[in-house]
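Asks: First residue of the sequence shown? That's 5 in my numbering, and the numbers climb one at a time after it.
Built from N, CA and C at the ideal position, the CB exists for glycine as well.
Only a predicted model underlies this, so the values are computations on that prediction, with no experimental measurement involved.
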Amino acid sequence: MRKKIVAGNWKMNKNWAEAQQLAAAISEQLHTLAVDQNKEVVLCPPSPFLLTVKKATTHPQIKVGAQNCHQKDSGAFTGEVSAPMLQSLGMDYVILGHSERRAYFAEDNTSLKEKTDNALNNGLKVIFCCGEQLEQREASTHFDLVHRQLSEALFHLTAEQLQAVVIAYEPVWAIGTGKTASPEQAEEMHASIRQLLKEKYGEKTAEEMTILYGGSCKPHNAEAIFGQKNVDGGLIGGAALKVDSFLGIIEHL
Ligand code: PGA
5 MRKKIVAGNW KMNKNWAEAQ QLAAAISEQL HTLAVDQNKE VVLCPPSPFL LTVKKATTHP
65 QIKVGAQNCH QKDSGAFTGE VSAPMLQSLG MDYVILGHSE RRAYFAEDNT SLKEKTDNAL
125 NNGLKVIFCC GEQLEQREAS THFDLVHRQL SEALFHLTAE QLQAVVIAYE PVWAIGTGKT
185 ASPEQAEEMH ASIRQLLKEK YGEKTAEEMT ILYGGSCKPH NAEAIFGQKN VDGGLIGGAA
245 LKVDSFLGII EHL
């Protein structure tokens, strides 16, 4: 049975005290929900707060992840954070290829392939984001685009390596806009991603991969989206910044 995950991407929000409070409150309140072994909650705060968040969360089903890492282990890359650094902090995950990183920091499939390799080599699990812009959906090139993002950055991996990768489908037009993909639109893309994985890696690997939906996922629409056959949870932005809304999403996992 594949793992179900709700991951919170805090982006560049919160100060240190707020990050600590939010993490502690989520951890405490999670005990009121039945989160079984097959489910995970991942918190991805800004880098300076990673260790604080790790220490503030005692619930066994909470994991902590960074929002990015560099493709090299170390060196003269001012301002960057490396995978070995994250590993040394005991981090579990790193988000790679978020559309904001692609748009504002010129990340592309080539650099994301290197980042993925480096993260996996350093024992991190990867939440790998893909998704189309509105123009690509309107031009009906969204399936091709998403398939290319995945094949160029991930499909050199072995099936075993792929076990440490979670895919997050995030249509760019739905991120932070309040315009969610309909459950049917999400399912259609997730099913096509799983079919692609099946063609490349076989049925077993494809069935075991966790594929998350992201883009204006809120407590009121999470149930319908998570209810889709090929949707295994969500990558949450805005609604992950408040305990009530985040827990309100997790309860539908
Ligand atoms: P949103 O962000 O939930 O605020 O739309 C999702 C994301 O960027 O991962």
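Which ranges would you report for the beta strand (DSSP E) in the segment 116-168 if only whole runs of at least 3 residues count?
Replies: Runs found: 129-134.
Asks: From HIS151 to ARG198, what does the alpha carbon distance come to, in whole angstroms?
Replies: So the two alpha carbons sit approximately 10 Å from each other.
Asks: Could you work out which residue in GLY218, SER155, VAL98 is closest to LYS117 when comparing CA atoms only?
Replies: Here the closest residue by C-alpha is SER155.
Asks: Determine whether the beta carbon atoms of LYS43 and MET95 lie at a separation below 9 Å.
Replies: No, the pair does not count as a contact, with Cβ atoms beyond the cut-off.
Asks: Span of the beta strand (DSSP E) holding GLY69?
Replies: Note, GLY69: beta strand (DSSP E), 66-70.
Asks: Just tell me which of LYS15, GLN189, GLU22 has its CA closest to the CA of VAL247.
Replies: For VAL247, the nearest C-alpha among the options comes from GLU22.
Asks: Please name the residue, chosen from GLU136, PHE159, LEU93, ALA70, that lies closest to GLY12 on a Cα-to-Cα basis.
Replies: Ranking GLU136, PHE159, LEU93, ALA70 by Cα distance to GLY12 puts ALA70 first.
Asks: Quick one: complete alpha helix (DSSP H) runs, 4+ long, within the segment 78-117?
Replies: Segments of the alpha helix (DSSP H) lying fully in the segment 78-117: 87-92, 103-108.
Asks: Enumerate in chain order the residues of its own chain whose CB-to-CB distance from SER196 is below 6 Å, with the five nearest sequence positions on each side excluded.
Replies: If we look at SER196 and ignore the five residues flanking it on each side, its Cβ neighbours are PHE147.
Asks: Grouping DSSP H, G and I as helix and E and B as strand, with all else coil, what is GLY219?
Replies: Correct three-state label for GLY219: coil.
Asks: Taking the C-alpha atoms as reference points, what is the distance between THR62 and LEU37?
Replies: Between THR62 and LEU37, the C-alpha separation is close to 15 Å.
Asks: Please state the DSSP three-state secondary structure of LYS208.
Replies: Correct three-state label for LYS208: helix.
Asks: Taking three-plus beta-carbon pairs below 8 Å as touching, is the segment 117-135 in contact with the segment 85-94?
Replies: Touching, yes, given that three or more Cβ pairs across the two stretches are closer than 8 Å.
Asks: Provide the residue span of the alpha helix (DSSP H) that contains GLU255, from first to last.
Replies: Where GLU255 is concerned, there is no enclosing alpha helix (DSSP H), given that its DSSP letter is neither H nor E.
Asks: Looking at CYS133 and ligand 1, is the gap between the Cβ and the nearest heavy atom below 8 Å?
Replies: Yes.
Asks: Under 8 Å: does the beta carbon of ASN72 sit that close to some heavy atom of ligand 2?
Replies: You won't find ligand 2 in this model; what it holds is ligand 1.
Asks: Between the Cα of GLN140 and those of PHE109, ALA157, PRO175, spot the shortest distance and give me the residue it belongs to.
Replies: Selected option, being the one with the closest Cα: PRO175.
Asks: Would the beta-carbon of HIS102 be found less than 8 Å away from any heavy atom of ligand 1?
Replies: Checking every heavy atom of ligand 1 against the Cβ of HIS102, one is found closer than 8 Å.
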